[in-house]
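S.K.:
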Amino acid sequence: MNKKDISKEKLASAMDKAKNVLEVEAEAVLKIRDNLDGSFKEAMKLIIECPGRVVFTGVGKAGLVAKKMAATFSSTGTSAFFVHAGEGLHGDLGMIKNGDVVIAVSNSGESDEVINLLPSLRRIGVKLIALTSDNDSTLANYADLILETDVITEACPLNLAPTASTTAAIALGDALAIALSTYYGFTQEDFALYHPGGSLGKKLLTKVKDVVEIRKQNPIVKTDTTVRQALFKMTNTRMGSTSVVDEEGNLKGIITDGDIRRLLEKSADFIERPVKDYMTVDPVTISKDKLAAEALQIMEEKEINDLPVVEAGKPVAMLNFQDLLRAKVF
C-alpha cells in the first residue's frame, strides 16, 4: 500500500484499540494480584516439597507460555523443563516421573492434547497444578490444585486471539517463580551461575582480579617522589595515574595525569616537588574480589579513570576504566 493510501481515521482507530489492549491486559494482571490467595501458597508448598522436578506442559499459545515459565523457573533457582502436550501423547511422557509436579497451562482447561495426558499423568503419580481461567473445567477438576487466572474477555476485539489470557498466565507464572526464588534465598551469585554468557554473565561473574590481568600494571611511587618521576612512572606503565605509598608500602594517596595537567595550567614550578604535596589523599579504592561491575559503578559515579586495588592497605594493582570496557563489563 502506498503511504498516501493510509487512512488517518483507521490509523487513529487502531491506535485507540492498541491502548485498549494494554488497559485490558493490565486489568487482567491486577485482578490476579488482588485475588492472589491460599492456592498460590499451596502451589509453592507443593513445589518446595517436591522430591522430583517441576514440569510444564501445554499446547498452542498456552504451550508457548508454559515453555517461557519453565525457562523463568530454571533461571531463578527452581529447576524445571517443558514437555509439549502433543509430543507427550507420543512418548515424551517418559520424561516425567513419579514425584514430579506438573503445571498444565490451558486457558479453557479443555485443550484436547492436555486433557488426553491426564489419565497417564495420574498413573505416573505426579502432583498436578492447573493454570487456567476456568476452575470448573476438565483440567481443573482433574488437578490437585488450581491457579486461576480468571480471564473472561480477551483483549482481541473478536475475543478470539489469546491476549489477556496469555499475559495473565505469564504474570502469574513469573510471580510464582520469583516467590520461590525469594523463598530459596536465590542470590546474585546463583543467578550468575545460570547466566554465564553474554553481557549479563560478564557483569555477574567478572571480578576486579580478572580485569587487572588484562594490563598487569601497578604503578607505585613513594610520598617523597617528585612529580616529574611520578609522571615518568605513569608513562612507563601506560597508566593514567600512580598510587602513592609510605615507607611501609601503605597507600596514602593517588596522583593522576589529569592532576598534573591542571597544575601545568598555573605553573611548572611544582614539577620537582614531592607528590605528597599534590596527591589526592585517601582515594577511593576497591578489593580484587569485588565484582568488576561494582568497580565500574564507582568509577562512573566518581568520574575517575583509575581505581587502586588494595589488600591490607597496600596497592596490589591499578584498575583502568578502559580495561573494564575491554572486559565488556557494561
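So for the sequence shown, numbering that gives the first Met the number 0 puts the first residue at 0; every next one is plus one. For every residue, glycine included, the Cβ atom is placed at its ideal position computed from N, Cα and C. Keep in mind the model is a prediction, meaning the values are calculated, not measured.
1) Determine, using beta carbons only, whether Ile253 and Val226 come nearer to each other than 9 Å.
2) Kindly indicate the opening and closing residues of the beta strand (DSSP E) around Met233.
3) Restricting to runs no shorter than 3 residues, where is the beta strand (DSSP E) found entirely within the region 120-178?
4) Can you tell me the Cα-Cα spacing of Glu212 and Gln321, whole angstroms?
5) Beta-carbon within less than 6 Å of Ala79's beta-carbon, same chain only, minus the 5 sequence neighbours each way: which residues are those?
6) Taking DSSP as the reference, what is the three-state secondary structure of Lys30?
7) Where does Met317 sit, in a helix, a strand or coil, going by DSSP?
8) Near Val113, which residues of its chain fall below 7 Å by C-beta distance, leaving aside the five closest residues on each side in sequence?
9) What are the residues that DSSP puts in a beta bridge with Gly57?
10) What is the DSSP secondary structure of Lys16, counted as helix, strand or coil?
11) Pull the bridge partners of Asp305 from the DSSP assignment, please.
12) Contact between the region 88-104 and the region 126-137: three or more CB pairs below 8 Å?
13) Report the rounded CA-to-CA distance for Arg32 versus Ala191, giving the unit in angstroms.
14) How should Met0 be labelled, buried or exposed, when 16 other C-beta atoms within 10 angstroms of its C-beta is the threshold for buried?
15) DSSP three-state call for Leu204: helix, strand or coil?
M.R.: According to the structure data:
1) The residue given as residue 253 occupies position 254 in the sequence shown. The residue given as residue 226 occupies position 227 in the sequence shown. No, they are not a contact pair.
2) In the sequence shown, the residue the question calls residue 233 occupies position 234. First-last for Met233: Val226 to Thr236, but that is the alpha helix (DSSP H), not the beta strand (DSSP E).
3) For the beta strand (DSSP E) assignment, the uninterrupted runs of no fewer than 3 residues enclosed by the region 120-178 are, from N- to C-terminal side, 126-131 and 144-147.
4) Start at 1 with the first residue of the sequence shown, and residue 212 comes out as number 213. Start at 1 with the first residue of the sequence shown, and residue 321 comes out as number 322. Cα to Cα, the separation comes out at about 13 Å.
5) Residue numbering aside, residue 79 sits at position 80 when the sequence shown is read from its first letter. Once the five neighbours on either side are set aside, the close Cβ partners of Ala79 are Val53, Ala69, Phe72 and Ser73.
6) Residue numbering aside, residue 30 sits at position 31 when the sequence shown is read from its first letter. Look at Lys30 here: in three-state DSSP terms it is helix.
7) Working through the sequence shown from its first residue, we reach residue 317 at position 318. Collapsing the DSSP output to three states places Met317 in a strand.
8) As a position in the sequence shown, residue 113 is number 114, starting the count at 1. Counting only Cβ-Cβ distances below 7 Å, and skipping sequence neighbours, we find Thr56, Gly57, Val58, Ala84, Ala103, Ser105 and Leu138.
9) Position 58 of the sequence shown, counted from the start, is the residue given in the question as residue 57. Among the bridge pairs identified by DSSP, Gly57 is matched with His83.
10) Start at 1 with the first residue of the sequence shown, and residue 16 comes out as number 17. In the three-state scheme derived from DSSP, where H, G and I count as helix and E and B as strand, Lys16 is classed as helix.
11) The residue labelled residue 305 in the question sits at position 306 within the sequence shown. DSSP, once it has assigned bridges, lists Asn319 as partnering Asp305.
12) Remark: three or more beta-carbon pairs, one from each stretch, lie closer than 8 Å, so the region 88-104 and the region 126-137 are flagged as touching.
13) For the purposes of this step, residue 32 is taken as the residue at position 33 of the sequence shown. For the purposes of this step, residue 191 is taken as the residue at position 192 of the sequence shown. Answer to the nearest angstrom: the Cα atoms are 29 Å apart.
14) Against the sequence shown, residue 0 aligns to sequence position 1. Confidence is the limiting factor: at Met0 the pLDDT is only 44, short of 50, which leaves the residue's position unreliable, though a coordinate-based value still follows. Residue environment analysis places Met0 among the exposed positions, since fewer than 16 neighbouring C-beta atoms fall within 10 angstroms of its C-beta.
15) Mapped onto the sequence shown, residue 204 falls at position 205. Shown here, Leu204 sits in a helix according to DSSP, grouped into three states.
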